[in-house]
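These notes concern the structure reproduced below.
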Amino acid sequence: SRHRREENLKEAPATAPQNLSEYFKQFLFPQNECELHSFRLSFSQLKWDKWIIAPHRYSPQYCKGDCPRVVGHRYGSPVHTMVQNIIYEKLDSSVPRPSCVPAEYSPLSVLTIEPDGSIVYKEYEDMIATKCTCR
Amino acid sequence: SPRSRDRTAPAKVSGLLGAPELSELHPLLRLPKGVSRGYALLPPLLKVLSDQGRQSWESGTPRLQPDSRALRYMKRLYKMYATKEGIPKAHKSHLYNTVRLFTPCSECQHRHRDLITGDFHSVDLLFNLDRVTALEHLLKSVLLYSFDTSVPTSSFTCTCHLSVKEHDFSSQVCPSISHSVAFSLHFEVRKRKWVEIDVTSFLQPLIATNRRNIHMAVNFTCLMGDPHHNTKQDNLINVALVPPSLLLYLNDTSEQAYHRWNSLRHRRKSPGRPKQRSSLFADVTGDEGRQNTQRKRA
């Protein structure tokens, strides 16, 4: 058995973690944590560039990822989020875990041609996600 | 369907493209199973746009193309008010979140030959304001003239007489004048492409009473050079004027419009900074073992 142990040691050298913070990170934060992701679309892809004159491209962004089990202040989540997590883990797993959703938005200005040929410049609320939260 | 201007009825935004049209438009827009046709899943902007899509879609009529000069002006306005990505620039000055540009209906542009000077100065204009919704409140209205700057001019001063005509509904599309109110404006045109004539005080009462068609006669007299030095009539020039567009600066009070000054609204929207979490929940949700080691490490 000593010979076999020596063999094993030769095969799998001890991987001393190069970067301690990286090493600890796997314990502290879920791998694909809830965060803001970029997404750019152009109105020509949707064939709407006939009446949307500007902007040509639009980046609505979106939120994706797992919500940490102990959701601290980083997400601005209310206490209810942790209650929901407790329910999911301890009481009833049919209750969904908290979701990663947008918490704040910014507006978008759009220039469009109306069916009667008139032209309108409009500023719309909540068209670009700028921050995510767990709810 | 054109939106009612009935102030009491909430601004309805009609339904969406039907399910088959939507999926043809783009697979991403396919409605989930069981969702009834026309159920609006999309945010207001896309609802409005797909609504427009539906109109040109269903009616089969090609979308009316705007006047190229008007398009150029609005693109210039867009660049002034928004970044390339479409983010509204922080303008303290303007409270409007909507600017609509209407070009006059072609069938009503009568040009009258002026008896005295013999020049073309007066034109009849009819603007159809169907697209203005009940929740869009007028802040400013402007007649927009585009001058051909290739004309070699030092500078000339124009006087504009504006008269509005009551729209007698029983008459044909271009009604006769029942009564009109006229007022004159002086403005100087140097080498400028666009001249804006503020007609807010003039049109406010009409637009406030939900007038859908604004019918006006505009009479232009232009003097070459500085009006203070020469008043001889022979300085009159015949300015080949393109019929003006009507610009309405509006404040859209609907939910989906951006209210830049409404900071309260934004504060309510963004979650307050939560108080530091009590350790009660932290303990319960973590596994005892893991939790302790984590807390030690932290």
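Note that the protein sequences, when read in sequence, are chains Z and P.
With our numbering applied, the first sequence corresponds to residues 106 to 240, in that order.
With our numbering applied, the second sequence corresponds to residues 3 to 300, in that order.
Idealized CB from N, CA, C, for every residue including glycine.
Given the structure is predicted, the values throughout are model-derived calculations rather than measurements.
- Beyond the five residues adjoining it in sequence on each side, Gly181 (chain Z) comes within less than 7 Å, by CB distance, of Ala208 and Thr238 in the same chain, given in chain order.
- Burial is judged here by how many other beta carbons sit within 10 angstroms of a residue's own beta carbon; Ala159 (chain Z) has at least 16 and is buried.
- The beta carbon of Ser211 (chain Z) sits closer than 6 Å to the beta carbons of Ile233 and Thr235 from its chain, once the five residues preceding and following it are set aside; these are given in chain order.
- Of the candidates Z:Asp171, Z:Gln166 and Z:Leu151, Z:Asp171 places its Cα closest to the Cα of Asn137 (chain Z).
- Here DSSP, grouped into helix, strand and coil, assigns Ala210 (chain P) to helix.
- Close to chain Z, meaning a Cβ-Cβ distance shorter than 9 Å, are the following residues of the segment 64-97 of chain P: Arg65, Leu66, Gln67, Pro68, Asp69, Ala72, Leu73, Tyr75, Met76, Lys77, Leu79, Tyr80, Lys81, Tyr83, Ala84, Thr85, Lys86, Glu87, Gly88, Ile89, Pro90 and Lys91.
- Taking a Cβ-Cβ threshold of 7 Å, the residues of chain Z close to Leu103 (chain P) are Ser223 and Ile224, in chain order.
- Between Thr100 (chain P) and Pro68 (chain P), the C-beta gap is not smaller than 8 Å, which leaves the two residues out of contact.
- The residues Gln189, Ile192 and Tyr193, in chain order, have a CB closer than 8 Å to that of Val200 (chain Z) in the same chain once the five nearest residues on each side in sequence are set aside.
- By the neighbour-count criterion, in which 16 or more other beta carbons inside 10 Å mark a residue as buried, Met82 (chain P) falls on the exposed side.
- Counted as a single uninterrupted DSSP element, the stretch harbouring His261 (chain P) is not any beta strand (DSSP E), since DSSP gives it neither H nor E.
- Distance from the Cα of Lys195 (chain Z) is smallest, within the candidate group Z:Arg174, Z:Asp221, Z:Asn124 and Z:Pro183, for Z:Arg174.
- Rounded to whole angstroms, the gap between the alpha carbons of Lys195 (chain P) and Ile216 (chain P) is 25 Å.
- Using a 10 angstroms sphere on the CB of Glu230 (chain Z), the tally of other CB atoms reaches 16 or more, which defines it as buried.
- The closest CA to that of Ala219 (chain P), considering only P:Leu250, P:Ser203, P:Ser70 and P:Val166, is found on P:Val166.
- The DSSP-derived three-state label of Phe148 (chain Z) is coil.
- Here the alpha carbon of Val201 (chain P) sits roughly 43 Å from the alpha carbon of Phe144 (chain Z).
- For Ala72 (chain P), the secondary structure class from DSSP, reduced to helix, strand or coil, is helix.
- The DSSP-derived three-state label of Lys195 (chain P) is coil.
- For Ser211 (chain Z), at least one C-beta of chain P is nearer than 8 Å to its own C-beta.
- Out of Z:Pro203, Z:Thr217 and Z:Tyr163, the CA that lies nearest to the CA of His185 (chain Z) is found in Z:Pro203.
- In this chain, Asn99 (chain P) is not harboured by any beta strand (DSSP E), its DSSP state being neither H nor E.
- By the neighbour-count criterion, in which 16 or more other beta carbons inside 10 Å mark a residue as buried, Thr223 (chain P) falls on the buried side.
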